[in-house]
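*Asks:*
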Amino acid sequence: MAEIPILKIGDCLLVSIQVDMHDRLAMALQDDLTQRIVQDRARGVMIDISALEIVDSFIGRMLNNIAAMSRVLDAVTVVVGMRPAVAITLVELGLTLSGVRTALNVDKGLAMIRTIIDRGEQEDDRRGG
Amino acid sequence: MAEKQSLILTLIDRHQAALLDDWLDCMARSSPSGATLRRDGETPEQAKRFLEQLRRSARNQQFEDIKTTDWALMRELLEEISRTRVLQGFTPTETATFVFSLKEPLFQLLRREVGSADELADEIWTATRLLDLLGLYTIECHAKTREELIGRQQQELLELSTPVVELWEGILALPLIGTLDSARTQIVMESLLERIVESGAEIAIIDITGVPTVDTLVAQHLIKTISAARLMGADCILSGIRPQIAQTIVHLGLELNVVSKATMADALALALRRSGKAIQNRAAQKPQQDG
Numbered sequence: 006m007a008e009i010p011i012l013k014i015g016d017c018l019l020v021s022i023q024v025d026m027h028d029r030l031a032m033a034l035q036d037d038l039t040q041r042i043v044q045d046r047a048r049g050v051m052i053d054i055s056a057l058e059i060v061d062s063f064i065g066r067m068l069n070n071i072a073a074m075s076r077v078l079d080a081v082t083v084v085v086g087m088r089p090a091v092a093i094t095l096v097e098l099g100l101t102l103s104g105v106r107t108a109l110n111v112d113k114g115l116a117m118i119r120t121i122i123d124r125g126e127q128e129d130d131r132r133g134g
Numbered sequence: 002m003a004e005k006q007s008l009i010l011t012l013i014d015r016h017q018a019a020l021l022d023d024w025l026d027c028m029a030r031s032s033p034s035g036a037t038l039r040r041d042g043e044t045p046e047q048a049k050r051f052l053e054q055l056r057r058s059a060r061n062q063q064f065e066d067i068k069t070t071d072w073a074l075m076r077e078l079l080e081e082i083s084r085t086r087v088l089q090g091f092t093p094t095e096t097a098t099f100v101f102s103l104k105e106p107l108f109q110l111l112r113r114e115v116g117s118a119d120e121l122a123d124e125i126w127t128a129t130r131l132l133d134l135l136g137l138y139t140i141e142c143h144a145k146t147r148e149e150l151i152g153r154q155q156q157e158l159l160e161l162s163t164p165v166v167e168l169w170e171g172i173l174a175l176p177l178i179g180t181l182d183s184a185r186t187q188i189v190m191e192s193l194l195e196r197i198v199e200s201g202a203e204i205a206i207i208d209i210t211g212v213p214t215v216d217t218l219v220a221q222h223l224i225k226t227i228s229a230a231r232l233m234g235a236d237c238i239l240s241g242i243r244p245q246i247a248q249t250i251v252h253l254g255l256e257l258n259v260v261s262k263a264t265m266a267d268a269l270a271l272a273l274r275r276s277g278k279a280i281q282n283r284a285a286q287k288p289q290q291d292g
């Protein structure tokens, strides 16, 4: 079975989904990813779906799940690279992925994660002081 | 059989003027706008051409199929007639009545001229089948012309549809004008998302100054567009909300879940602030430059 690679960039993890997702692969990805977040002490997760031409409710739910799991492990999830046609389909399906942050591409995704982490630290500092 | 069928043609030949007159009377009676129809110059002329063409096209005794070359000119004539009628705003019924109303005078003529009942039934059957085919063809043409008309109007609407304007680096504006229906929302959404990809914009200002009313459906379309832009990583700001529309939105209990500003200027100011830019007065800047 194909495995989805998880790449480390600084304290972020990059997951690029390029094959059709199915139940087992999604479960394996969730396993691997949660493991890697803990192991690498990652603060951010980027899921790149620019290669996907079809995103259905199953993948939508999977993205929501991953975001929720990462949040529990104190990592920010950003979905990047969604195609216009995919965005329109998701909206028509009523899946607005409200629990997930989105960015146009990997660059902007990284910047977004950086801002969120910095803001979080500042708030922590303020509370600590 | 061949001789029997030609009887119709002989009769048309012999009584063309009377038949034409009866036909026009019949047409006038069966259509509400008949009074004007009878008088206007076009219909009698068309009817005359129809009868002449009928004689010419039917000379080979081909009554069963009007798709053959014999009937090519007839089909052209019918296409022309139904096209002019569509453009004048006739209904399909009124257009088809042109052909179908020939039945009554023609059958009366047949009844007068044909002796035996069997023969009469045969003749009427042949005539009715032919006229049905021609009438249906007229309706088909009518529908086709209407579709062409609708297609052209849709095309015009598409051309009229909303442009996406780049106001500043990373800031897009979408001035919406006219009613938002599903088809237009689709186009608007597609062009907005395409531009987001092209320009890498992170903020899109949707201006609804030109949208006459906002009901639940329009609001839903706006929400869809905003959600789709969000999925592409762009935030939306809604602007140009007129006082009445603000009231309507509240009365309908619509939850747009988006930052909204009264004018596009306010929205642009907010967008610039968010992207870390500022517009300054040059007069205020000058003393600093001097010093």
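Protein chains in written order, with the working numbering: chain A, 6 to 134; chain B, 2 to 292.
Positions of the beta carbon are idealized from the N, C-alpha and C atoms, including for glycine.
I'd like the list of long-range same chain contacts for Q63(B), defined as Cβ closer than 8 Å, with 5 residues on each side in sequence excluded.
*Replies:* Position 62 of the second sequence, counted from the start, is the residue given in the question as residue 63(B). So the qualifying residues of the chain are T69, D71, W72.
*Asks:* So L255(B) and A220(B) are supposed to be a Cβ contact under 8 Å. How far apart are they, rounded?
*Replies:* In the second sequence, the residue the question calls residue 255(B) occupies position 254. In the second sequence, the residue the question calls residue 220(B) occupies position 219. L255(B) to A220(B), Cβ: 5 Å. Contact.
*Asks:* So, M87(A) versus T101(A), is the Cβ gap smaller than 8 Å?
*Replies:* Here residue 87(A) corresponds to residue number 82 of the first sequence, with the count starting at 1. Here residue 101(A) corresponds to residue number 96 of the first sequence, with the count starting at 1. Contact flag unset, no.
*Asks:* Are the C-beta of V198(B) and some C-beta of chain A separated by less than 8 Å?
*Replies:* Here residue 198(B) refers to the residue found at position 197 of the second sequence. Yes, because at least one Cβ of chain A sits closer than 8 Å to the Cβ of V198(B).
*Asks:* Using the beta-carbon of each residue, which ones in chain A are nearer than 9 Å to E191(B)?
*Replies:* By 1-based counting over the second sequence, the position of residue 191(B) is 190. Ordered by position in chain A, the residues that pass the 9 Å Cβ test against E191(B) are P89, A90, I93.
*Asks:* When DSSP labels each residue in this structure, what does R76(B) get in the three-state scheme?
*Replies:* In the second sequence, residue 76(B) corresponds to position 75, counting from 1. R76(B) falls in the helix class under three-state DSSP.
*Asks:* Who are S21(A)'s beta bridge partners in DSSP?
*Replies:* Within the first sequence, the letter at position 16 stands for residue 21(A). BP columns for S21(A) point to D53(A).
*Asks:* Any beta carbon from chain B within less than 8 Å of K13(A)'s own beta carbon?
*Replies:* As a working note, residue 13(A) is residue 8 in the first sequence. By this cut-off, K13(A) is not an interface position.
*Asks:* For C237(B), which residues does DSSP report across the bridge?
*Replies:* Locating residue 237(B) in the second sequence gives position 236, where the first residue counts as 1. Answer is A205(B), bridged to C237(B).
*Asks:* For S228(B), which residues in chain A fall below 7 Å Cβ to Cβ?
*Replies:* Within the second sequence, numbered from 1, the residue matching residue 228(B) stands at position 227. V96, T101, listed in chain order.
*Asks:* Taking only three categories from DSSP, how would you classify A36(B)?
*Replies:* Within the second sequence, the letter at position 35 stands for residue 36(B). The pLDDT assigned to A36(B) is 47, lower than 50, so where the model puts this residue is not dependable, and the model offers no usable value.
*Asks:* Verify the CB distance criterion: does L57(A) have a CB-CB separation below 8 Å to chain B?
*Replies:* Within the first sequence, numbered from 1, the residue matching residue 57(A) stands at position 52. By this cut-off, L57(A) is not an interface position.
*Asks:* On a CA-only basis, which of D112(A), V96(A), S75(A), A73(A) is nearest V85(A)? Give me that one, please.
*Replies:* As a working note, residue 85(A) is residue 80 in the first sequence. Residue D112(A) is the option with its Cα nearest to V85(A).
*Asks:* At the 8 Å Cβ level, is T120(A) part of the contact set with chain B, yes or no?
*Replies:* Your numbering for residue 120(A) matches position 115 in the first sequence. Closer than 8 Å: no.
*Asks:* From what residue to what residue does the beta strand (DSSP E) around P244(B) run?
*Replies:* Counting from one through the second sequence, the residue named residue 244(B) turns up at place 243. Where P244(B) is concerned, there is no enclosing beta strand (DSSP E), although the alpha helix (DSSP H) it sits in stretches over 244-253.
*Asks:* Within the continuous alpha helix (DSSP H) that includes P89(A), where are the two ends?
*Replies:* Position 84 of the first sequence, counted from the first residue, corresponds to residue 89(A). 89-97 is the extent of the alpha helix (DSSP H) around P89(A).
*Asks:* Are any of the Cβ atoms in chain B nearer than 8 Å to that of L34(A)?
*Replies:* Numbered from its first residue, the first sequence carries residue 34(A) at position 29. Chain B contact via Cβ: absent.
*Asks:* Verify whether the separation of the beta carbon atoms of E119(A) and A80(A) is less than 8 Å.
*Replies:* On the first sequence, position 114 is the one that residue 119(A) refers to. On the first sequence, position 75 is the one that residue 80(A) refers to. In the sequence as presented, Glu is not what sits at residue 119(A); that position holds Arg. No, Cβ-Cβ distance for R119(A) and A80(A) is not below 8 Å.
*Asks:* Does K278(B) come within less than 8 Å of chain A when only Cβ atoms are used?
*Replies:* For the purposes of this step, residue 278(B) is taken as the residue at position 277 of the second sequence. Taking Cβ atoms only, chain A never reaches closer than 8 Å to K278(B), which makes this a no.
*Asks:* For L18(A), tell me which candidate among V96(A), S62(A), T39(A) has the shortest Cα-Cα distance.
*Replies:* Numbered from 1 along the first sequence, position 13 holds the residue referred to as residue 18(A). Here the closest residue by C-alpha is T39(A).
*Asks:* Nearest-angstrom Cα distance between T210(B) and A266(B)?
*Replies:* Taking the second sequence and counting its residues from 1, the one referred to as residue 210(B) is at position 209. Taking the second sequence and counting its residues from 1, the one referred to as residue 266(B) is at position 265. Approximately 12 Å between the Cα atoms of the pair.
*Asks:* List, in order along the chain, the chain A residues whose C-beta lies closer than 9 Å to that of G201(B)?
*Replies:* In the second sequence, residue 201(B) corresponds to position 200, counting from 1. Correct list: L109, N110, D112, K113.
*Asks:* How about A48(B) and L25(B): are their beta carbons less than 8 Å apart?
*Replies:* If you number the second sequence from 1, residue 48(B) lands on position 47. If you number the second sequence from 1, residue 25(B) lands on position 24. Yes, they are a contact pair.
*Asks:* Could you tell me the alpha carbon to alpha carbon distance between K278(B) and L168(B), rounded to whole angstroms?
*Replies:* Counting from one through the second sequence, the residue named residue 278(B) turns up at place 277. Counting from one through the second sequence, the residue named residue 168(B) turns up at place 167. Taking the straight line joining both Cα atoms gives about 13 Å.
*Asks:* Below 8 Å between beta carbons: does that hold for Q35(A) and I71(A)?
*Replies:* Position 30 of the first sequence, counting from 1, holds the residue named residue 35(A). Position 66 of the first sequence, counting from 1, holds the residue named residue 71(A). In this structure, I71(A) lies closer than 8 Å to Q35(A) by Cβ.
*Asks:* Taking buried to mean at least 16 other C-beta atoms within 10 Å of its own C-beta, is L98(A) buried or exposed?
*Replies:* Mapped onto the first sequence, residue 98(A) falls at position 93. The residue is exposed, with fewer than 16 neighbouring Cβ atoms inside 10 Å.
*Asks:* K225(B) versus chain A: which residues are under 7 Å apart at the beta carbon?
*Replies:* The sequence position of residue 225(B) within the second sequence is 224, counting from 1. Near K225(B) (Cβ distances below 7 Å), the residues of chain A are V96.
*Asks:* Since L173(B) and I197(B) are thought to touch, with beta carbons under 8 Å apart, how far apart are those beta carbons, to the nearest angstrom?
*Replies:* Here residue 173(B) corresponds to residue number 172 of the second sequence, with the count starting at 1. Here residue 197(B) corresponds to residue number 196 of the second sequence, with the count starting at 1. About 7 Å; that satisfies the 8 Å criterion.
*Asks:* Quick one: using the 10 Å Cβ neighbour count with 16 as the cut-off for buried, is F63(A) buried or exposed?
*Replies:* Here the question's residue 63(A) lines up with position 58 in the first sequence. Exposed.
*Asks:* Within a Cβ cutoff of 6 Å, which residues of the same chain sit near M233(B), ignoring the five residues on either side of it in sequence?
*Replies:* Reading the second sequence from its first residue, position 232 is the one you call residue 233(B). These residues qualify, in order along the chain: L194, I197.
*Asks:* If distances are taken between C-alpha atoms only, which option among E43(B), K225(B), S58(B), T92(B) comes closest to L95(A)?
*Replies:* As a working mapping, residue 95(A) is identified with position 90 in the first sequence. Ranking E43(B), K225(B), S58(B), T92(B) by Cα distance to L95(A) puts K225(B) first.
*Asks:* Alpha carbon to alpha carbon, what distance is there between R30(B) and D123(B)?
*Replies:* In the second sequence, the residue the question calls residue 123(B) occupies position 122. In the second sequence, the residue the question calls residue 30(B) occupies position 29. Their backbone Cα atoms lie some 27 Å apart in a straight line.
*Asks:* In whole angstroms, what is the alpha-carbon distance linking A235(B) and A202(B)?
*Replies:* Locating residue 235(B) in the second sequence gives position 234, where the first residue counts as 1. Locating residue 202(B) in the second sequence gives position 201, where the first residue counts as 1. Using only the alpha carbons, I get a separation of about 7 Å.
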